[in-house]
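Line by line, the protein sequences give chains A and B. The numbers in the numbering used here rise by one with no breaks, and the one at position 195 of the first sequence is 195. The numbers in the numbering used here rise by one with no breaks, and the one at position 127 of the second sequence is 127. Since the structure comes first, as structure tokens, the remarks are kept for the end.
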Amino acid sequence: MRSNGFWAGGAVLLLLFLCMLYPLLAVITNIFLPGLFFGEVNYTGFGLLLELFDRPLWRQSLTNSLTLGLGTAFLGTLLGSLLAILRSQWSFRASRLLDVSAWVLLIVPSFMIAQGWVLFAGSGGLANQWLGWTWLTELIFQPFGLILVMSLCKFPLAYLAVTAALEWNVSQYGDAAKLNGGGPLTVWRTVHLPLSLPAITAGWTLVFMDTIGDFGLPAALATVYRFPTLPYSIYTAIYQSPVRFDMAGVLALYLVAILAVAMAILFFALRKSRVDFLTSRAVVQAPKPSRYSGLMSAVVLLVLVVAVGIPVGTSISTSLLKQLGGGLTWANLTLDHYISLFRVDPGEHRTLPLLTGMRNSFLIAGMAAIISMALGFLTSYVVTFTRFRFKSLIHLSTVLSLAVPGVVLGIGYIFVWNQRWLEQVGLHLYGTPTLLVMAAIAGAIPYAVRLQIGAFAKIPASMLNAAAMQGAGTVRRMKDILLPLVRGGLLTATLASFGTSVYDLAIASILKPPNYTLVPLVIDKAFEFSQYGYATAATVFSGTIVILLLLLGSWLGKRWLS
Amino acid sequence: MTRIQQWRKGLVPALTLSLMLAGCGGAAQPGTNASTGAGTSGENASAGTEQTSAQPEQQKPLMLYGNDFVDFIAPKFQEATGYAIEAVHYGGGEALAKIEAERGNPQWDIVMMDGHGSIRGLAERNFLHTGYEAKGEALLSTYGQEVMPEDRAYYPIGIHASAVIAYNTDVIAPENAPATWEEFFALEERVGHADPAVAAPAYPLVSAFFYKWGMEEAQQVYSDRFKQGFSIYPKNGPVGNALVSGEIAAAALQEHNAYSLKMDGSPVEVIWPEEGAPGSLRVVAISKDTANLEAAQAFVEFMMKPETQNLLSSLESNDSFFTPLAEGTTSRPERNPNGTFILPPDRWAAEHESEIKTWFADQNVQ
């Protein structure tokens, strides 16, 4: 007995429309009706759409994006799935560290990871200077190297998707296969693999989508190796004179099309996953002890050292060096970069004040996290428990911001919200932090929704039906049944939304109000002007505070929940 | 507009989005200073700028978009004239993108940035206030007069080299160093410069060669160079890093990056070719839609004063590597005092911008 979810679904769609769909549609409409949002009607046709295949840069960008997306999806999913299987099947010491690191990688923006890699593996980098590893530059700055770095950055998406699916122990199917004479490989191939395949496919799709829309990592690595991708070409279309918003729209449209194909694969996988394998005999999977647990810890630690240790370690090292090229000596160590974070130097645009940036970023991310959590809750309810007609549109809208670069959304926001008539009705949000909050919600929604849908999926609809039979309305069912059951997921979604919103660079740079400093701008400007010490000190300091805030939030949340 | 006003302005509509936003009202603290948003550095008043006692009438603060100096100069201007001003620092491309995206409802009053071609492009598409003859015209140097446009769509205030030849002295011996741009492009070793599609100063650099050699010959020079080994980096900072690390032996590098590396003790030497260095003209222009015309014109006059330009060219920061265009000004002693510039006419630079950038970007991936 499912409601049609008209009101809840309508509210979700309206909010997603305002934050995501409307700005994106504005940029896409601009392809064939340029100037529409400036009050001009000037139809130019769809000829520009085919230029993608004419211009060498665009062709190359499409090829590079697909190569990077497919390669990273394959390698990242392989790594994430293997680690998830290891984590759920056996107990070993590094398992908790693996969970924490996956979250850290998910939250830390890719441009920071990339900058860590550039400082480590670039020709003037630490690996070259301190260890003499000249081969590393050649290994990293070529297509396979980029796929490798990207995979080490994005594998947590696959890891978390597969870990969630392996939560339940369904050993009876495996036991049945063994009783029928199946060897370990046959059992794995015919039972375990098909059961976890939908989750692996979901992980693959998420990694693919997040990679293909990523501007930060390829752009930062491009300081050493040239590898134009679709987001890069969008950037160049927007930052040329005369500005070509129409070209940016075309490229964004192709990204959305690629995303739609990936989503179709995801839906197909999830539909297949409706194999009702959970029975009353299913128990929560308890990791088994293994005599190889030491080896497992060593392998996991090795992966984490490369994936987290290198970029983070490089940032920490750089933040403590007087001169980047000065080597690791006592005389070259300093805390000056950290001290300079607290020095206010008005009029200096290279080293913006970090503390002001942190205050603003935390306020915006905090509000975005709470709203995203509520929106994610409502979205998960509509998607899981109602027969709302536009569920597919909701699904697509909730992942759009993974693939559409922030700069495109930013331009869309300006088109939509910088209208004269909005000034007259008091809704002129352009140039106010409110627009940043909306943009941050758009960025956090994929995480807020995905993390809650998983928790919702475990709740049988019969519980809600029983309450409805007793006369409980929608709000009461949400408050008294759903909320207590999914509060753990709710907390995780809020914290993840906060973490991802703090460092959203593209949106911050295009939509920030005048003289409004934000953390990612502080870091990006310092990097742009080669103030590496300041940039890395700001990264390390703000990152530590964010992690402490998340731990505090998690601790307080758990106390409150218990 | 202060942050408080910004928050308040957004608060009412935000409430319609979610009750949660009500919490942000707590950010508003009554009594916060509502002066310039560009910083509060009132203590080091600029030398030579008179203080105005009367507070001019303004409905809203002057909005300045620009790249270099904007954060520094805005409080100085407010102090000297009494006009309230807000300055937003953008990269050149970002500023132009914002101006275009705001076309339906412009928020800016003045733009001050490098690249007269792009600003001419704005003028051609009717974005700029033209025909205003500044009093400061008489103060312009001879070169400044030469590069001032007839329609007064903008005023030039300074020029710097968007590229000089910088080479790594550990890789190239001084006697083998290129002295001309032709020698630079013919070097056997790997060379590089910034990407004109991304870095604002790189279009003046590339367009100067296309203007100097003609479109076809310049395309040939670049095509040959791409085959021989040519690295393109997004911005000048990474070009400098690549030069110091030896990844490239020589670079066409923006002058302040080049001189800074030399002054820092890096193994870098700078050559200003006799034929000239590609010039990047810094200009100031007023929006056609400004509601603050009087204040905007006061800003233009302020920027054209020799005192203001001397103040900027004597700053310790690297931005001060430029040639001021007011008579009786001085520039930094580390620069070549006799260095000349290759500067295409603004209309030529505007007309060919899209063509050159597109050709370059496509060539670069082949």
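The C-beta atom is built at its ideal place from N, Cα and C for all residues, glycine as well.
Chain A contact for residue i (CB, 8 Å cutoff)
i, result
"ASN310/B", "no"
"ASP346/B", "no"
"GLY369/B", "Residue 369/B lies beyond the range of chain B shown here (1 to 366); nothing can be said about it."
"LEU96/B", "yes"
"ILE232/B", "yes"
"PRO13/B", "Bear in mind that the predicted position of PRO13/B carries a pLDDT of just 44, short of 50, making it unreliable; the figure below should be weighed with that in mind. Yes, PRO13/B counts as interfacial toward chain A."
"GLN29/B", "Low per-residue confidence applies at GLN29/B: pLDDT is 32, beneath 50, and the placement is therefore not dependable, though the value from the model is reported in the following sentence. Not an interface residue."
"ALA166/B", "no"
"GLN78/B", "no"
"SER313/B", "no"
"ASP109/B", "no"
"VAL191/B", "no"
Start-to-end residues for the alpha helix (DSSP H) that takes in residue i
i, result
"HIS395/A", "391 to 403"
"ALA331/B", "The sequence shown places Ser at residue 331/B, rather than the Ala named in the question. No alpha helix (DSSP H) holds SER331/B; DSSP gives it neither H nor E."
"TYR233/B", "Not the alpha helix (DSSP H): TYR233/B falls in the beta strand (DSSP E), residues 230 to 233."
"ILE28/A", "22 to 32"
"TRP560/A", "532 to 561"
"GLN89/A", "56 to 89"
"ASN236/B", "236 to 245"
"ILE481/A", "Segment: none, ILE481/A is in no alpha helix (DSSP H) and carries neither H nor E."
"SER317/A", "310 to 319"
"ASP210/A", "193 to 212"
"SER340/A", "336 to 340"
"SER317/B", "Segment: none, SER317/B is in no alpha helix (DSSP H) and carries neither H nor E."
"ARG420/A", "420 to 424"
"LYS135/B", "It is not in any alpha helix (DSSP H) - LYS135/B carries neither H nor E in the DSSP assignment."
"LEU96/B", "92 to 101"
"GLN347/B", "Reading the sequence as shown, one finds Arg at residue 347/B and not Gln. From DSSP, the alpha helix (DSSP H) with ARG347/B extends over 346 to 364."
Which listed residue (the options) has its alpha carbon closest to that of residue i
i, options, result
"LEU83/A", "LYS458/A, LEU152/A and ALA369/A", "LEU152/A"
"ALA127/A", "GLY557/A, LEU221/A, ILE310/A and LEU556/A", "ILE310/A"
"GLU189/B", "LEU140/B, LEU343/B, ALA249/B and MET215/B", "ALA249/B"
"LEU491/A", "PHE385/A, PHE17/A and ILE371/A", "ILE371/A"
"PHE17/A", "VAL475/A, ILE459/A and HIS395/A", "HIS395/A"
"GLY76/A", "THR539/A, THR201/A and LEU363/A", "THR201/A"
"LEU561/A", "SER233/A, GLU528/A, ALA537/A and LEU483/A", "LEU483/A"
"GLU137/B", "TRP359/B, ILE342/B, HIS256/B and GLU327/B", "GLU327/B"
"TYR292/A", "PHE245/A, VAL344/A and PHE92/A", "PHE92/A"
"LEU311/B", "ALA197/B, THR330/B and TYR233/B", "THR330/B"
"LEU195/A", "GLY543/A, TYR173/A, ALA442/A and ALA114/A", "TYR173/A"
"PRO324/B", "GLY158/B, GLN363/B, GLY214/B and ALA179/B", "GLY158/B"
"HIS89/B", "PRO198/A, THR351/A and ALA177/A", "THR351/A"
"ARG103/B", "PRO337/B, LYS288/B, MET303/B and TRP359/B", "LYS288/B"
"VAL164/B", "PHE360/B, PRO344/B and PRO278/B", "PRO278/B"
Within-8 Å CB hit, residue i to chain B
i, result
"THR236/A", "yes"
"TYR239/A", "yes"
"GLY533/A", "no"
"GLY216/A", "no"
"ASN332/A", "no"
"SER528/A", "Rather than Ser, the amino acid found at residue 528/A in this sequence is Glu. At least one chain B Cβ lies under 8 Å of GLU528/A."
"ALA11/A", "no"
Range of the contiguous beta strand (DSSP E) that encloses residue i
i, result
"LEU328/A", "From DSSP, LEU328/A is part of no beta strand (DSSP E); its letter is neither H nor E."
"MET63/B", "62 to 66"
"LEU253/B", "250 to 253"
"GLU528/A", "First-last for GLU528/A: 519 to 528, but that is the alpha helix (DSSP H), not the beta strand (DSSP E)."
"ALA87/B", "85 to 89"
Which residues DSSP lists as bridging residue i, in chain order
i, result
"LEU140/B", "ALA326/B"
"ALA277/B", "PHE341/B"
"GLU269/B", "TYR167/B"
"VAL284/B", "MET112/B and TYR155/B"
"LEU590/A", "Because residue 590/A is not part of the residues shown, which for chain A are 1 to 562, the question remains open."
"LEU495/A", "Beta-bridge pairing links LEU495/A to no other residue."
"LYS212/B", "Partner(s): none; LYS212/B has no beta bridge."
"PRO289/A", "SER91/A"
Alpha helix (DSSP H) segments (min. 4 residues) lying fully within the region 142 to 202 of chain B:
Within the region 142 to 202 of chain B, the runs of alpha helix (DSSP H) that reach at least 4 residues and sit entirely inside it are, in chain order, 142 to 146 and 181 to 186.
At 4 residues or longer, what runs of the alpha helix (DSSP H) sit wholly inside the region 97 to 170 of chain A?
110 to 121, 134 to 140 and 143 to 165
Residue ranges of each alpha helix (DSSP H) within the region 437 to 477 of chain A, 4 or longer:
461 to 469 and 474 to 477
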